[in-house]
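The block underneath contains the structure these notes are about, expressed in structure tokens.
Following this line, the structure appears as structure tokens:
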């Protein structure tokens, strides 16, 4: 048994972690655009990356050097350093060599980037910026703000987990999301810090398992970017490890951040849980739930707060999973509008369903009546703001 | 050898075909919403239908009765008669029985519907409306307008094909499209008439083959509806059949209508050909080209006339096909912006590429450098109008 509580501090909540964000001149108007996370002792590190075949230079750099331990992560926004080839990797090596020259305590520093694809990093701005870092700063808010691109608010969580013995460990995390979010590894960056003594060989499996129902279950626009990264840094300073408690806390951190990312989807006004049950199996439930988060017709109906259940049905039918109109049930929150062949959509039901849709967060429940498979995916609506943000992103 | 020329007349251009459209009261403001196509002799008929597992009642009716010949097609807009179960099929039987009672010459009449999913047909309006039909009318424009939903203009083509012998046959077609268009059978209705004597056993294969690079190569919003239908009616009145000439004319008719559908995608301001070459094989080229037509980030960049080639690259990388940044080339029209690892995107190139994007129609060319596979898919941009139309479609 263990207990868990939210604590302040974001990625600096665990013992021995430091973070800050500064303005290196990549974003206009002096906004923060470069961050670091540092541990005062060496961390084991593991990461899971985008399924995109054109993985960005930071990912290629991480893999090239076979990084398994580090005490420093440098993150920049506004430039993804993707599609930049070998030169993009060399740029990172140069920047991190400079960082080590300035701060000799750094060991195997790594880098992570997000922003526009296909532009070389402005190396001088980054190297000049990192010279101003105060490595003893504990400004998790500044770090979380610095990694934002089109996010409208920073995304952080931290928990303290206390075991039956009274001993405790901490986990902290920050993420950026907004657009280009897809279940095939949500397009985003997420950094998790912990002072739990997580065995190095368990870290990747823990991340993968946690991502399955969190970052891999959300969609903003169905695009999978070149830079997606979820990184776990463990410095073991609590000297504690309780697998179940840690897995629970990690999942909770990832789940909360995932929901924040959907709720802050570009132009999103609603966060909707598509709860699919009764599928042939869990895989088909996931396919169906994710198809619902992707459908433009569903997303625009959400935006219009229109309980257009026909579009939900049509999307299920087009998703390729085993389904039948005579076994299907569709409900908006607790309001069933279609029940195994019977349309329950009179004026009264429509008004009730529309009321559910006016909430900021609600569930659309679809039971396929084909088996025991279940999966919940999280999506958002698509409105004018999304178009505005994305039609004019680079300028 | 044969020659082909455009002629007026739409679905009435071939000998013996009649069509009209009337207002039956389904659309507000007295707009036309019900059409018929009739042949004065019995036609062989074949159709290809949506891949959606929840096929609408008109499709189920067509299959239930094993229709292979008919002389009358009734089409309505505004109500899809989908998700209406056995009652929806019975509604069609009742309406068509009424039609036969009013017009005894009808044989095996069939029905096709488009519009909102999940609402029973207003039978009285339809039966009252069809009593007003003048079966000797040749008003293809009225028919083409009556089947529109969110289309902003009617879509018709007709060709006369003259063989070396001097003899000729005709083919005419009308379609409705607009939203819910996906490569897995574009969401749409299309009716093709011909006086060519097409062998009944070749009709379906001709439709399938024609659809592959036309209706199955376009996307407006990636949704596959419950009602998609492409129907071919052949009354053989020219007593002529030349397979190559007919296949060519059919493909041409379907291709022109497909491009009209994309250009008239909901809120679309541009029609873009995504020409993928150098793929491992044609299948991978098609997957990649269709992924580009689906990407929201690409679609909004098109709307913003922003030559954001990084999003093109990212979408290719995420499409799952064999690709490598060092063999990839990307061009907007004739302007190459990325050439096998080299970014050619300076201010001058960007200006040139942006100029290409300001056109109403242009090509984005992606060579994967992996093989000989090629496919061209057609897509449109996504702008504010799409959101407006779809957030408030039912009302």
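Protein chains in written order, with my numbering: chain A, 18 to 412; chain B, 18 to 412. Note that the Cβ used here is the ideal one computed from N, Cα and C, for glycine as well. Only a predicted model underlies this, so the values are computations on that prediction, with no experimental measurement involved.
Please decide whether residue i counts as near chain A, where near means a Cβ-Cβ distance under 8 Å.
| i | result |
| --- | --- |
| residue 404 of chain B | yes |
| residue 401 of chain B | yes |
| residue 327 of chain B | yes |
| residue 335 of chain B | yes |
| residue 102 of chain B | yes |
| residue 251 of chain B | no |
| residue 35 of chain B | no |
| residue 198 of chain B | Unreliable positioning characterises residue 198 of chain B in this predicted model, as indicated by a pLDDT of 46, which lies under 50. A coordinate reading is not provided. |
Would you tell me roughly how many angstroms separate the C-alpha atoms of residue i and residue j, rounded to the nearest one?
| i | j | result |
| --- | --- | --- |
| residue 43 of chain B | residue 95 of chain B | 6 Å |
| residue 27 of chain A | residue 156 of chain A | 9 Å |
| residue 146 of chain A | residue 154 of chain A | 15 Å |
| residue 32 of chain B | residue 254 of chain B | 6 Å |
| residue 312 of chain A | residue 394 of chain B | 20 Å |
| residue 126 of chain B | residue 163 of chain B | 18 Å |
| residue 203 of chain A | residue 67 of chain A | At residue 203 of chain A the pLDDT is 38, less than 50, meaning the model places this residue with poor confidence; the figure from the coordinates comes in the next sentence. Rounded to whole angstroms, residue 203 of chain A to residue 67 of chain A spans 8 Å at the Cα level. |
| residue 135 of chain A | residue 309 of chain B | 17 Å |
| residue 90 of chain B | residue 370 of chain B | 47 Å |
| residue 78 of chain B | residue 149 of chain B | 24 Å |
| residue 404 of chain A | residue 63 of chain A | 35 Å |
| residue 373 of chain A | residue 351 of chain A | 8 Å |
| residue 165 of chain A | residue 402 of chain A | 17 Å |
| residue 82 of chain B | residue 124 of chain B | 12 Å |
| residue 212 of chain A | residue 186 of chain A | 6 Å |
| residue 58 of chain B | residue 176 of chain B | 21 Å |
| residue 138 of chain A | residue 88 of chain A | 23 Å |
| residue 218 of chain A | residue 268 of chain A | 18 Å |
| residue 287 of chain B | residue 275 of chain B | 14 Å |
| residue 205 of chain A | residue 225 of chain B | 41 Å |
| residue 366 of chain A | residue 359 of chain A | 13 Å |
| residue 158 of chain A | residue 50 of chain B | 58 Å |
| residue 39 of chain A | residue 183 of chain A | 38 Å |
Kindly indicate if chain D contains any beta-carbon less than 8 Å away from that of residue i.
| i | result |
| --- | --- |
| residue 340 of chain B | Protein chains in the displayed structure are A and B, and chain D is not among them. |
Using a Cβ-Cβ distance cut-off of 8 Å, determine whether residue i contacts chain B.
| i | result |
| --- | --- |
| residue 247 of chain A | no |
| residue 259 of chain A | no |
| residue 317 of chain A | yes |
| residue 395 of chain A | no |
| residue 99 of chain A | yes |
| residue 236 of chain A | no |
| residue 242 of chain A | yes |
| residue 25 of chain A | no |
| residue 12 of chain A | Chain A is shown from 18 up to 412; residue 12 of chain A falls before or after that span and cannot be answered. |
| residue 330 of chain A | yes |
Within 10 Å of its beta-carbon, does residue i have 16 or more other beta-carbons around it, so buried, or fewer, so exposed?
| i | result |
| --- | --- |
| residue 20 of chain B | exposed |
| residue 189 of chain B | buried |
| residue 18 of chain A | exposed |
| residue 251 of chain A | buried |
| residue 45 of chain A | exposed |
| residue 181 of chain A | exposed |
| residue 118 of chain A | exposed |
| residue 323 of chain B | buried |
| residue 283 of chain A | buried |
| residue 194 of chain B | buried |
| residue 363 of chain B | exposed |
| residue 210 of chain B | buried |
Could you check if residue i belongs to the surroundings of the ligand PLP, using beta carbon to heavy atom distance under 7 Å?
| i | result |
| --- | --- |
| residue 91 of chain B | No copy of the ligand PLP occurs in the structure displayed, which carries no ligand at all. |
With contact counted as at least three CB pairs below 8 Å, one residue from each stretch, are the stretch 244 to 262 of chain A and the stretch 121 to 137 of chain A in contact? At 8 Å Cβ cutoff, the stretches touch.
Given 8 Å, three or more beta-carbon pairs between the stretch 279 to 297 of chain B and the stretch 108 to 117 of chain B: In this structure the stretch 279 to 297 of chain B does not touch the stretch 108 to 117 of chain B; the number of beta carbon pairs closer than 8 Å is below three.
Would you check if the stretch 68 to 87 of chain A and the stretch 159 to 174 of chain A touch, i.e. whether three or more CB-CB distances between them fall below 8 Å? No, the stretch 159 to 174 of chain A does not touch the stretch 68 to 87 of chain A.
What residues in the stretch 114 to 145 of chain A bring their beta carbon closer than 9 Å to a beta carbon of chain B? Within the stretch 114 to 145 of chain A, the residues whose Cβ lies closer than 9 Å to some Cβ of chain B are 133, 134, 135, 136, 137, listed in chain order.
Okay, do the stretch 373 to 387 of chain B and the stretch 341 to 350 of chain B touch, 3+ Cβ pairs below 8 Å being the bar? Using a C-beta cut-off of 8 Å, the stretch 373 to 387 of chain B makes contact with the stretch 341 to 350 of chain B, since at least three inter-stretch Cβ pairs fall below that distance.
Closer than 9 Å, Cβ to any Cβ of chain B: which residues of the stretch 349 to 383 of chain A, in chain order? Within the stretch 349 to 383 of chain A, the residues whose Cβ lies closer than 9 Å to any Cβ of chain B are, in chain order, 354, 355, 358, 359, 360, 362.
Per the contact definition of three or more C-beta pairs closer than 8 Å, is the stretch 261 to 274 of chain A in contact with the stretch 292 to 299 of chain A? In the pairwise beta carbon analysis, the stretch 292 to 299 of chain A is classified as not touching the stretch 261 to 274 of chain A: fewer than three pairs are separated by under 8 Å.
Given a limit of 9 Å on CB to CB distance, which residues of the stretch 68 to 89 of chain A reach chain B? For the stretch 68 to 89 of chain A, which is checked against every Cβ of chain B, the residues closer than 9 Å are 68, 69, 70, 71, 72.
Check each residue of the stretch 143 to 169 of chain B: if its Cβ is closer than 8 Å to any Cβ of chain A, include it; give the result in chain order. Hits within the stretch: zero.
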